[in-house]
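Numbering (the numbering used here), first residue to last: -18 to 775.
Here's the structure we're looking at; comments come further down.
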Amino acid sequence: MSTHKFLFFISFFFFSFLSFSQQNQGFTVSGQVSEKSGQSIPFATIIIEKTDLSLISDENGKFIFKNVKPGKYNLKITAVGFSDLKKNIQVLENDIDFSVQLENELNELESVTVLGRSATDKVNKQAYNVTAIDAKKLHNSTLDLAHALDRVSGVRVREAGGVGSRSDLSINGFSGNQIKVFIDGVPMDNFGSSFQMNNIPINLAERVEVYKGVVPVWLGGDALGGAVNIVTNSKPRTYLDASYSFGSFNTHRTNINAGYTAKSGFTTEINAIQNYSDNDYWVNVETADLVTGEYYPSARVRRFHDKYKNETVILNIGVTGKKYADKLLFGFTAGENKADIQTGARMITPFGTRYRRGNVLMPTLKYQVKDFFTKGLNINVSGNINLGEEQTIDTVNRVYNWLGDYIQREGLGGEGGRSLLKIRNNSGIATANITYSLGERHSFMLNNTFNTFNRKQSDELVPTSLLYQQPRKSQRNVLGLGYKFDYNEKWTTSLFLKEYFLKTKYTQSYNPSGNAGDIAYQEYNDNRTNLGYGAATSYYLRQNLQIKASFEKTYRLPTPDEIFGSPNDNIEGNTALKPESSNNLNAGVSYQTSFNKVNALTFDVNFMYRNSNDFIRTTFNNNQNKTLTLNQDSVNNYGVDGEIRYSYRNRFTAGVNMTYQNLRNMTKYEPEQNYVSDYYKDRMPNIPFFFGNTDATVFFYDVFKKGNNLSVGYNLLYVHAYYLYWPSRGADKFDIPDQFNHELNAVYTFADGKYNIGVECKNVLDNKLYDNFSLQKPSRAFYIKFRYFFTKSK
């Protein structure tokens, strides 16, 4: 019996046994925790003293104890920023329900949470190394999701240019496909180029969770170095959130989020996103006059062929709040994009007519139900398939320089390779997440994530090409089983197992006869299975002092683009790629305190160690016009990231975070070499190893009119110098210098937050900024955003 079948059989038997074995042996004690003002207090700790019963209230301050035996009890209720409260209760012959109000121990410090953070969010209380961003506090900014994440310790978002450019996410040195991105727990692996993190507005999210290293089992998939989960507001409600921003380089962004929930439970939601930019920002390049040959070693020119636009609509219709379904939504995502291609993998040669376009056509299903047949059994199922396509258009036979001049060449051809190539990946994802709670202490999780990929290619310039008729298929499945033990409000521990399965089908060309032009294809099937495991634990030494640690043996399966290549993204395939594995260890400390009744301070520090084998890294191909992924036999990484934040009343907040990561090549002997590699123990190239952020915001209240508020903020991103190539290459390693990115912002809200205006200046000092190889990012830019927000309860 295979491992995944065995895990499924054991978990099914266990859930079935528990659902029949649990019996009601007492009464229910429930209630709600709130402030004196009536505002609910989320995630308060409630303890029934002299028993083993304790729990944390939900996001609405509500809690419920089940199976409480008759008797007299003392309840202790605690929450960060509030005085402790004790309450006597009597459990006699009936269930009881009550409410309690806590006194704010900080008096005037009514809003002590820091901008962009949720100090009392239960996500941050997990045993995993996780940071939660409160996206609601950033909804008036012009930030997209990618640039909001760029302010988190340990995280770098690397872009190839301006709006709509290719980007990837790095967490503690691991990047790209090693990091998995989810929306409400659903992987974004197959969303296509029309729906990427740097073109999704921050308004789509209510909260963004960043897991560094070990990832909980309920987030299915094969993350190697961390994950990001974008959490939307899934509460049934009627609302409208509309915004529009414009700014430098003719940039326009529009976002409309709206939803309606009827008393019957009928629910409809729509999210519409639009982005456009000329991306004609200034860059510093080497170029020459095509006629005279005059050379300009440091010309400052505008990008002239880099327009980007995309439109995406997400529609969901269904029901919520039903006995048979807490949520049942049928949806459809439709979007399209068009992007001029200014350069290849480097800025050596500019293009003037080459471009790509794509679309997403994705039906979706979401189903959630709690207490399915038995108390504590919750099911969450989702599925989608992307039927969209991507195309690269390159049919004009010209040579351009950075001045925008060109020479027309004779005959057929293109700038980067003549092409009308269309690619349809037909990629789908199905996820199932089952959780079962046994009492207050024990919970069990089963998660399965299945990915399918079947690429179809065509090019009307070569309609009979055998190359585009070859199969490129893959299937990936990750099955996870987890257990969580909550001993009390202080100590929690999680254990999990994961099985990884990869199946690929492809062909390789060969010459059967030896005659010129004679090409045939040999079909290959490759199946791989790996088993991973891990654990995470957390303990509160004091109510505001938490220590945590986690470990995992994890695997990351190569993606279809890495195996088969992606011509539209200048990626060359590598069918010899093996899954990469890593032993990940995290340890951290978190501390929050307040003093003098008006000051609040939070402190977080996390240590990490990674020992990776068959590490998949990106480099140039032989022609340096495409990128290529390959396995590095052994890579070690250790480092630390930390953050300190301070708040004074609700008037001022400031913070600083820094990250150091030391990725080293521990491959002593390269393939087919019997001598020690020249790059042994070298720092891994093209990966920043020291960077950080600092920010400060001042708040002004009742500006011009009561209820109108103003905030003024500053943010600095610093990246220490690093090398593009192996350091041991000497003069050829290419130094990427220190980078400083200063940003200023101001937000004015009026009518109690219904109307909002935000202004921002990015790259204030107009510094040269780079993320990927030699690709320069935008120069100084100004933006303004208008937002209208309305909501009402169900």
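Just so it is clear, CB atoms sit at the ideal spot from N, CA and C, and this is done for glycine as well.
Taking only the alpha-carbon atoms, compute the straight-line gap between residue 156 and residue 608 and give it to the nearest angstrom. In a straight line, the C-alpha of residue 156 is about 15 Å away from that of residue 608.
Across the stretch 590 to 601 and the stretch 557 to 564, are there enough close Cβ pairs to call them in contact, namely three or more that are closer than 8 Å?
yes
Notebook entry, point to check: Whole-angstrom Cβ separation of residue 371 and residue 404, contact assumed at under 8 Å?
Noted result: Correct: roughly 5 Å between the Cβ atoms.
- Under 8 Å between the Cβ atoms of residue 336 and residue 320? yes
Item to check | Backbone secondary structure at residue 58 - three-state DSSP | outcome: strand
CA-to-CA distance, residue 387 to residue 491, given in whole angstroms:
Using only the alpha carbons, I get a separation of about 39 Å.
key: Integer Cβ distance of residue 240 from residue 249, believed to fall under 8 Å   = 7 Å
*CB of residue 160 within 8 Å of CB of residue 135, strictly*: no
- Query: Who are the Cβ neighbours of residue 472 in its own chain at under 6 Å, not counting the five residues just before and after it?
  - Reply: 520
query: Whose CA, out of 513, 639, 187 and 417, lies closest to the CA of residue 119?
result: 187
What's the gap between the Cα of residue 348 and the Cα of residue 213? 15 Å
Within the same chain, show all residues whose beta-carbon is closer than 6 Å to that of residue 234, passing over the 5 residues directly before and after it, in chain order. Cβ within range, chain order: 226 and 256.
Going by alpha carbons, who is nearest to residue 636 out of 642, 646 and 624? 624
Taking 8 Å as the threshold, find out whether the stretch 609 to 629 comes into contact with the stretch 646 to 659 through three or more Cβ pairs.
yes
**Message:** Less than 6 Å between C-beta atoms, sequence neighbours within five positions excluded: which residues of the same chain meet that for residue 74?
**Reply:** none
Legend entry - C-alpha gap between residue 685 and residue 181, whole angstroms: 33 Å
- Around the C-beta of residue 467, are 16 or more other C-beta atoms found within 10 angstroms, so that it is buried, or is it exposed? buried
Q: Assign residue 418 to buried or exposed, taking buried as 16 or more other Cβ atoms, counted over all protein chains shown, within 10 Å of its Cβ.
A: Using a 10 angstroms sphere on the CB of residue 418, the tally of other CB atoms reaches 16 or more, which defines it as buried.
**Q.** Cβ separation of residue 126 and residue 211, assumed to be a contact under 8 Å, to the nearest whole Å
**A.** 6 Å
### Message
Pull the bridge partners of residue 82 from the DSSP assignment, please.
### Response
15
Is DSSP giving residue 286 helix, strand or coil here?
coil
| request: Would you identify the three-state DSSP class for residue 723, choosing helix, strand or coil? | output: strand
For the beta strand (DSSP E) that residue 788 lies in, which residues bound it at each end?
Residue 788 is absent from the structure shown; the chain starts at -18 and stops at 775.
Would residue 643 and residue 660 be called neighbours here (beta carbons separated by less than 8 Å)? no
Requested in this report: Return the chain-ordered list of same chain residues with a C-beta closer than 6 Å to the C-beta of residue 453, the five sequence neighbours on each side being excluded.
Outcome: 436, 487 and 545
TODO: May I ask which residues mark the beginning and end of the beta strand (DSSP E) holding residue 253?
DONE: 247 to 258 is the extent of the beta strand (DSSP E) around residue 253.
**Prompt:** Per DSSP, what kind of secondary structure is residue 94 in: helix, strand or coil?
**Reply:** Any reading at residue 94 must be qualified, since the residue scores a pLDDT of 34, below 50, and its modelled position is unreliable; the value itself is stated next. In this structure, residue 94 counts as coil in the three-state DSSP scheme.
Would you kindly check if the distance between the Cβ of residue 673 and the Cβ of residue 618 is under 8 Å? no
Determine contact between the stretch 384 to 398 and the stretch 144 to 151, defined as no fewer than three beta-carbon pairs at a distance below 8 Å.
no
inquiry  = Can you confirm whether the stretch 266 to 281 touches the stretch 296 to 304 when touching is taken to mean that 3 or more C-beta pairs between the two stretches lie within less than 8 Å?
reply    = no
Could you tell me the alpha carbon to alpha carbon distance between residue 540 and residue 555, rounded to whole angstroms? Each residue's alpha carbon lies about 10 Å from the other.
Report task. Let me know the secondary structure DSSP gives residue 183 once reduced to three states. Result -> helix
* Would you kindly check if the distance between the Cβ of residue 366 and the Cβ of residue 447 is under 8 Å? => no
Using C-beta distances below 6 Å, list every residue in its chain close to residue 690, excluding the 5 sequence neighbours before and after it, in chain order.
These residues qualify, in order along the chain: 682 and 730.
Relative to the C-alpha of residue 77, which residue among 53, 407, 84 and 60 is closest?
53
Worksheet item: Since residue 130 is in the alpha helix (DSSP H), which residue starts that stretch and which ends it?
Response: 126 to 130
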